[in-house]
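Accompanying notes for the structure given below.
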Amino acid sequence: MAEKILVINPGSTSTKIALFDGENQEFVESVDHPAEVIGSFKTIPEQLDMRTDVVRDTLKEHSVSIDGLDAVIGRGGMLYNIKAGGYKVNDDMVKALMTGQCYPHASNLGALIASRIASQAGIPAFISDCVTADEWDDIARISGSAALTRVPGCHVLNQKAVGRIVAGKYNRSYDEVNMVILHMGGGVSVGAHDHGKIVDNVRDDEGAFSPQRTGELPLMQFLQMAEREHYSIDQLKSMVRGKGGVTSYLGTADMREVEKRAGSGDEKAKQVLDAFIYQVSKDAGAMASVLSFDVDCIVLTGGIAYSEYVTSGISARIGKIAPVEIVPGEDEMNALSSACLAMLRGEMEIKEYKLKQ
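Sequential numbering of the sequence shown, starting at 94, is according to the working numbering.
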């Protein structure tokens, strides 16, 4: 009998819930949370009761009893000092997520919700491939200032999932190939995958702008502007993440609208869209250099990869480096379920998270 797996993926304004029967998805549902509801909580851990109730209510609506589940897996949070791979949710992990010993992000609720439901059902709870999973070479950590250290942060879950898919197309395993993988969605991240490890990546605050994020900025101009305009830290954060990128230029974060406007003769929209292609391509070249240009393929993924205009534009710029593969969208629910199955079946190591002393 196939394993019943509950998958929980909290986002900033929604919670995705899916049930899998072995490899088969029985249902997936995304529950939106109104801004006024999210805004009523001062911290992300305070949302735990509300989000857990949403998951339980969704299961009831689908006539699913937690007693019939074999495991629960949540989206991995932004934990410090964690490697890629699968982890059992333990007390150290819960403590880190509840007490703020991690980067603040809605995904931190994944392990917490999974733990609550799994504890009630007497089954294991897992996470896999956190955003902050660290497989970097030490040389990648040097920032240019002794006061600051570069840290990992990319769409690890989806990048590794599509990496495995594309490696299979080449009749090879993920840990046998070198890839540059570009995830293009609400945020953009570009990873250098060296035989199954992300040894460096361009974070969403280091490289190309995206629909709502500025990416890398001219630093001296930014500092001078902040001083001149007397901006607060919160205002600057909002400018960089939320009101930056395409939104700051065109007043929209919808890349489909931007492309439509560009195709209708809006020269500004076309320039911004072409600049996005230009900047993402630069990031891909940078990560190819990390791999000494020994690259088996370059993969374009994420929601923006549905755009033929964008993918063809990037391919034209970087296609001489390596063959370009396109895997549009992101299937994080299936990736989490597959990881959970692999752990249950003994095909993936189950790691233990430990708080740094």
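We treat Cβ as the ideally placed atom computed from N, Cα and C, and that holds for glycine.
Since the structure is predicted, the reported quantities are computational estimates derived from the model, not experimental observations.
Note that the C-beta distance between Ile101 and Ile175 is not below 8 angstroms. Here Leu172 is buried: its Cβ has 16 or more other Cβ atoms, across all protein chains shown, within 10 Å. One thing to note: Cys433 has its Cβ no nearer than 8 angstroms to the Cβ of Ile216.
In this structure, Arg306 places its C-beta atom within 8 angstroms of the C-beta atom of Gly280. Straight-line measurement puts the Cα of Ser208 at about 44 angstroms from the Cα of Asp367.
Secondary structure at Ser374: helix, using DSSP grouped into helix, strand and coil. Counting along the chain, no alpha helix (DSSP H) covers Leu112; the unbroken beta strand (DSSP E) around it starts and ends at 107-114.
Excluding five sequence positions before and after Phe120, the CB atoms of its chain that fall closer than 6 angstroms to its own CB belong to Leu112, His155, given in chain order. DSSP places Ser325 in the coil class of the three-state scheme, outside both helix and strand. Between Leu190 and Ala204, the C-beta gap is smaller than 8 angstroms, which places the two residues in contact. Between the alpha carbons of Val273 and Lys330 lies a distance of about 29 angstroms. According to DSSP, residue pairing for His276 in a beta bridge involves Ser282, Thr394.
Remark: fewer than three beta-carbon pairs, one from each stretch, lie closer than 8 angstroms, so the region 256-272 and the region 292-301 are not flagged as touching.
Fewer than three beta-carbon pairs drawn from the region 318-334 and the region 389-402 are found closer than 8 angstroms, and the two stretches are therefore not classed as touching. Fewer than three beta-carbon pairs drawn from the region 420-431 and the region 308-324 are found closer than 8 angstroms, and the two stretches are therefore not classed as touching.
Of the other Cβ atoms in all chains shown, 16 or more fall within 10 Å of the Cβ of Ser374; this residue is therefore buried. Per DSSP, reduced to three states, the secondary structure at Ala260 is helical. Per DSSP, Glu119 is one residue of the beta strand (DSSP E) stretching across 117-125.
For Thr151 and Ala435, the gap between their C-alpha atoms comes out near 25 angstroms. Counting only runs of 4 or more residues that sit fully inside the region 150-201, the alpha helix (DSSP H) segments are 184-191, in chain order. Here the alpha carbon of Gly237 sits roughly 20 angstroms from the alpha carbon of Ala285. The beta carbon of Lys444 lies closer than 6 angstroms to those of Gly178, Tyr180 in the same chain, with the five residues before and after it left out. With contacts defined as CB atoms closer than 8 angstroms, Cys390 and Glu423 fail to qualify as a contacting pair. When C-alpha distances from Ser105 are compared across Phe134, Glu442, Asn183, the shortest belongs to Phe134. Just measuring C-alpha positions, the residue of Arg265, Leu310, Glu299 sitting nearest Gly289 is Arg265. Put simply, the backbone Cα of Glu320 is about 16 angstroms away from that of Leu310. The beta carbon of Gly406 sits closer than 6 angstroms to those of Ile370, all from its chain and outside the five residues before and after it, given in chain order. Taking the Cα of Asn117 as reference, the smallest distance to any Cα among Leu316, Lys97, Gln194 is reached at Lys97. Nearest C-alpha to Glu139 among Val259, Leu202, Glu350, Pro304: Leu202. Counting the other Cβ atoms within 10 Å of the Cβ of Leu393 gives 16 or more, which makes it buried. Put simply, the backbone Cα of Asp287 is about 37 angstroms away from that of Arg144. Rounded to whole angstroms, the Cβ separation of Thr192 and Val148 is 22 angstroms, and the two are not in contact under 8 angstroms. For Leu99, the enclosing beta strand (DSSP E) starts and ends at 97-103. Leu437 is a Cβ neighbour of Asp163, given a cutoff of 8 angstroms. Residue range 218-221 is occupied by the beta strand (DSSP E) that includes Ile220. The criterion of a C-beta distance shorter than 8 angstroms is not satisfied by Cys247 and Ser200.
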